[in-house]
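Following: one structure in structure tokens, then a few remarks.
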Amino acid sequence: MASTSAFEHGDFGNFKQLSSFDIKYAPVKIGKWRSEKTGLSVVVGSYEAPITNGHFAIASEIFDDTGRPHTLEHLVFMGSKKYPFKGVLDHLANRAGSNGTNAWTANDHTAYTIATAGTEGFLKMLPSRSPFGLADLVYVDHILHPTITDADYVTEVHHINGQGEDAGVVYSEMQARENTAGDLMSLDAQRRLYPESSAYRSETGGLLSALRVLSAQQIRDYHKTYYVPHNLCLVIDGAVPLPDLFKVLNEEVEPMILETLTPPTAWKRPFVETSTSNPLTIPTSTTKVIEFMEEDESMGDININWLGPPPMDYGANLALSLINKYLTHSATAPLQKAFVEIAKPYCTGISFYAEDRVNKNELSCYISDVPMKHLDTMRDLFMDKLKTIVQEGKIDMDKMGLLIRRDKRKLLNGMETGISSTLADAAIGDFLYGDMQGKDLPDAFEDLRDYDVISKYTEKDWISILDKYYVSQPCLTTIGKPSASLSAKIEQDEKDRIAQRKADLGEDKLKAYQKALDAAKEESDRPPPEKMISDFPLTDPKSLTWVPVETAINNAQGDAVRSDQGEVQKHIDQDGSDLPYQTHFSHVKSNFVTVTALFDTIAVPAELRPYFSIFQNSLFASSVKRDGKILSHEEVVDQLDDFTISQNTYFTFRGRFSEVLVVEMKVEKAEYEKAIGWIKDLMTGLIFAKDRLEVIVAKMLQELPYEKRDGARVADAYLYSLAYDNAKSTSESCSLLNMLEFIPATAQALKETPDEVIKKLEGVRQCLLDPSVMRVSVRGDILGLPEPRSALGRSFLPVKAAPLTKISTAKDTLSALGEKPAKKCIIVPMPAIEGSYSAHYAKGVAGWDHPDLPALTLAIAVLNASESYLWKAVRGSGLAYGASVSASAETGLTSYSVYRSPNAKQAYDEARKVLVGLVDGSVELEQNIVDGARSSLTYSYARGSETVGAAASTAYLDEVLKGVGKDQNKKMLETFPSITLDQIRNVIKLYLLPIFSSDTSICAVTVSSGKADEVEQGFKDLGFETERRSLPAMAEESESGSESGSESGSESE
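In the UniProt record's numbering, the protein residues as written are 1 to 1053.
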């Protein structure tokens, strides 16, 4: 971490300090500098952490739909002036202790990211000494001096193949997005909200029609204009040594820039000094209907837009976010009560958003899952509700105070759990719209001051804000309406377009296109000189600084888990008597404590399993009997919100142990025992009432149409249905496919036989109150808790000691096909998607102590690395936006997944060829790629314990649930250097290659309806026994949503 004196040093060479300050509510120091020679901006957030993060931002303004900001984002990674080879950037990033680089393109900026384990590797990714002896740059060189070759444009952005089809990584990505509900509604709103003189109306990702006629030269021209040092800001956070950083910037970055820098002439700051900054108004309220592809026409969405405060008015934006939360935050919020928390909901969710814009922020409200019968009237009902609140002039000031207190707690928690993104968001926003001399940046972190001011607001003040921004000013409404016929039309139009092109081009020109594509691939895939990679030093795992965690244990009867046996264990042993259930304590430096109760559901009777979905949705939103008094569901919601940071219930712990139901609360240390008591009362005193259950189930029912539009999720769901046995697995019984049948049936049962539903839910509760399936984890400042164990003894579940049942694993729930995958392939046509997604399983290694696990882990990292084997074979060939292999030691399965592919079968074929080649030696297994993968794993393990919360939960996961010891990650890192190339080839052959044979694998594929026959036949040709499935449509109840219900909200209890 940079010392305070380093910040007080002020200027560093060319870089003049613009501002320097401490964040008052976190141990973080912020500084901003700008070079007087190049204009390059640098923002540093300094704090102790094992990960160093970089966000390098460009203000990317565009006034058309060519998608040049997005296409350029992709092409930056294809090579640079001094590293003119595709993939060098990611290969070197891996060796620097990263898992590769990444980027995103927003409406107003493009950000390039890197995160490394420690600072040493990060600084290597700024400068490096090349094998040619030149002072060199890696990442910044790629950003400022990309090659942007014609060949890279063809493979990465857009090309026409020999079949006359359009493809390319960018094209495939946008093809999967362009006709989705969210993108269609958002683009239409942009068009109506912003004039042609504004860049905000553009589709920065690129419309397909524009991508088809875009050229590499247009992208080069765009880069020349916008990718200049005075339009680039480097945001860096972590344990950053400032002298080392600025030595690199002054001695290597600046000279490299100055070699080619042309002084700007007539430069206008994007957005701020261009026509985009012209004053904006919404003259009158208008509504427009936009159709989107969806076979299920039961539900639509609504988006409403207004204009908000300026982006740098942090106090006004904070106040606006609080009124938004007041309206929608919980089941007791006014809009939730009126439209969601009723037996026949008008929608399932109402969410407010704000986007930074140059003069006035863009405000949005998204209303999701609106029954078709209400689509035309929902906007008016919504606005009428807001007008009523303003006219009556009533704000629940107690609830507003509750929200302010909760928001402050969440702010402090966020600085422990997501500090990097918080810093980056503020710094990038300031770079885009703030004062050029850095005067606005400190205000971005004056939240406590703003909360103090806002806490003094009167009821009249809040009404004024609501009226000013949402009621009195005009708005734009976009209605998203599902259309089955549109899906068929778009498919037919695309087929006709391709057919016409093929006819126009003829066979010879199609062959020429394919020849040009093959040549472009060959040129683009030229390997870099081996020494360019091998001379770049690898990250040493021993250099990492891990977040310190000390553990203690209160074992269950007959249990023998061992902890650190240090000061924390002494603190626990001195506090009261032994507890009758296993409790593990993870001590870290934190302002908060997380109390987690874990319940293994493996022994639950099969007929009760699907009811866990309703139990989860009811737990924090139902009436509870507490201290002899019955609290309404509204009282429960408000009382929980008034002291918690968060409360959750879900299956799995850190993505593992799928049959474990987690009930969790995170609170300030002073509220530790209160959280314990609440978990007990929720588990024992939860009241299952017919009226409340009808509301909860109705909302679940209405959410289903949206959930089944996700191609990747549906593919996974069908694969899980093959691999897991509903009768054995509670989590699978609560999966999407089962819910599509169970929730409608339960909604009906609540009308006809509600007592039977309630009886089942009572059965669920009783299964969880068995001490033999119960575990507790406490994570936080344990030494700061005066009575960490006795508080549990007083306030948690009063159970008798019993031997603890061995924790179940997902392997225990496998079906016959899951135990021995073979032949089966489910094909699911989906009108709502374009392209395809696939998911595949084969047998792998079972158990975290399996001797082949380290080699398999490294092999997977080798295959998945950016610009490595799968990347080049699948993404680099334009066959999919993403493809990866994985392995689960818990299930004993390996998997392969394809994301956003024109044809998932082709992506499957190419991956198979690569793995076969690696095994038989026809494809070289390169030592440089293996070394880079090994180094990237250093990052992966460090990232898993990056924050105090993550480090504490990792300690519990490894020490108790896996039983491998708290330092398992460090031990794994120590094994990787000794793994040979032959070992990697062997585990690929044994565990990954079987994924690519129909005799040893199963799969599920979701595909656009027009491509279903082709994709299905492709998998049949490979020997799979295919089965066509279709998702059920959700029937809309004609009487859904009464007027009285919308006004009165929830039922009486």
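Just so it is clear, CB atoms sit at the ideal spot from N, CA and C, and this is done for glycine as well.
Per DSSP, cross-strand counterpart(s) of residue i
| i | result |
| --- | --- |
| residue 353 | 364 |
| residue 431 | Residue 431 pairs with nothing; no bridge assigned. |
| residue 307 | 362 |
| residue 842 | 894 |
| residue 29 | 22, 46 |
| residue 1015 | Answer is none; residue 1015 lacks a bridge partner. |
| residue 17 | 33 |
| residue 301 | 480 |
| residue 12 | 15 |
| residue 837 | 1006 |
| residue 41 | 34, 233 |
Host beta strand (DSSP E) of residue i (start-end)
| i | result |
| --- | --- |
| residue 582 | 582–587 |
| residue 556 | Note, residue 556: premise wrong, no beta strand (DSSP E); not H, not E. |
| residue 645 | 644–653 |
| residue 288 | 286–293 |
| residue 829 | 824–829 |
| residue 232 | 232–238 |
| residue 1026 | 1025–1028 |
| residue 886 | 882–888 |
| residue 1007 | 1002–1007 |
Alpha-carbon spacing of residue i relative to residue j, whole angstroms
| i | j | result |
| --- | --- | --- |
| residue 978 | residue 873 | 28 Å |
| residue 438 | residue 249 | 19 Å |
| residue 614 | residue 756 | 14 Å |
| residue 135 | residue 74 | In this prediction, residue 135 scores a pLDDT of 27, lower than 50, which makes its location untrustworthy; the coordinate-derived value is nonetheless stated afterwards. For residue 135 and residue 74, the distance between alpha carbons rounds to 26 Å. |
| residue 262 | residue 996 | 53 Å |
| residue 737 | residue 609 | 14 Å |
| residue 354 | residue 846 | 46 Å |
| residue 318 | residue 867 | 42 Å |
| residue 974 | residue 91 | 21 Å |
| residue 130 | residue 534 | Legend: pLDDT at residue 130 = 32, less than 50; position of this residue unreliable, value from coordinates given subsequently. Roughly 10 Å separates the two Cα atoms. |
| residue 678 | residue 834 | 47 Å |
| residue 732 | residue 655 | 14 Å |
| residue 1011 | residue 170 | 20 Å |
| residue 37 | residue 190 | 38 Å |
| residue 578 | residue 892 | 36 Å |
Endpoints, alpha helix (DSSP H) assigned at residue i
| i | result |
| --- | --- |
| residue 255 | 254–260 |
| residue 514 | 484–524 |
| residue 862 | 853–864 |
| residue 417 | 397–417 |
| residue 143 | 139–144 |
| residue 816 | 816–819 |
| residue 453 | 447–454 |
Any non-hydrogen atom of the ligand COA closer than 8 Å to residue i Cβ
| i | result |
| --- | --- |
| residue 391 | Looking at this structure, you won't find the ligand COA or any other ligand, since it has none at all. |
Minimum Cβ-Cβ distance from residue i to chain D less than 9 Å
| i | result |
| --- | --- |
| residue 155 | Any reference to chain D falls outside this structure, which holds one protein chain only. |
When you compare the stretch 407–419 with the stretch 12–30, are there three or more beta-carbon pairs, one atom per stretch, that lie closer than 8 Å?
yes
Please specify which runs of the alpha helix (DSSP H), each continuous and at least 4 residues long, are wholly inside the stretch 899–975, giving them in chain order.
904–920, 927–944, 948–956, 968–975
Examine the Cβ distances between the stretch 834–845 and the stretch 886–899 and report whether three or more of them are shorter than 8 Å.
yes
Touch test, the stretch 581–600 against the stretch 759–775, Cβ-Cβ under 8 Å, three pairs minimum:
yes
Which parts of the stretch 695–745 are runs of the alpha helix (DSSP H), unbroken and 4 residues or longer, counting only runs that do not cross its ends?
711–723, 730–733
Just list the beta strand (DSSP E) runs in the stretch 50–130, keeping only unbroken ones of 3 residues or longer that don't cross its boundaries, in chain order.
51–58, 98–105, 110–117, 127–129
Within 8 Å, do at least three Cβ pairs link the stretch 154–164 to the stretch 507–521?
yes
I'd like to know if the stretch 326–345 and the stretch 682–695 are in contact, where contact means that at least 3 CB-CB pairs between them fall below 8 Å.
yes
In the stretch 763–810, which residue ranges form an unbroken alpha helix (DSSP H) of at least 4 residues, counting only runs that do not cross its ends?
790–795
Complete runs of the alpha helix (DSSP H) confined to the stretch 595–675 [at least 4 residues]:
612–619, 633–641
How do the stretch 810–830 and the stretch 562–578 stand: do at least 3 beta-carbon pairs fall below 8 Å, yes or no?
no
Would you say the stretch 275–292 touches the stretch 469–488, given that touching needs at least three Cβ pairs under 8 Å?
yes
Report yes or no: do the stretch 436–456 and the stretch 141–154 share at least 3 C-beta pairs separated by less than 8 Å?
no
Please confirm if the stretch 879–887 is in contact with the stretch 853–865, defined as three or more CB-CB distances below 8 Å between the two stretches.
yes
Just checking, does the stretch 780–794 make contact with the stretch 819–827 on the three C-beta pairs under 8 Å criterion?
no
For the 8 Å Cβ check, are there 3 or more pairs between the stretch 264–272 and the stretch 227–245?
yes
May I have a chain-ordered list of the alpha helix (DSSP H) segments no shorter than 4 residues that lie completely inside the stretch 138–205?
139–144, 169–177, 181–193
Quick check: the stretch 168–188 against the stretch 203–211, are there 3 or more CB pairs under 8 Å?
yes
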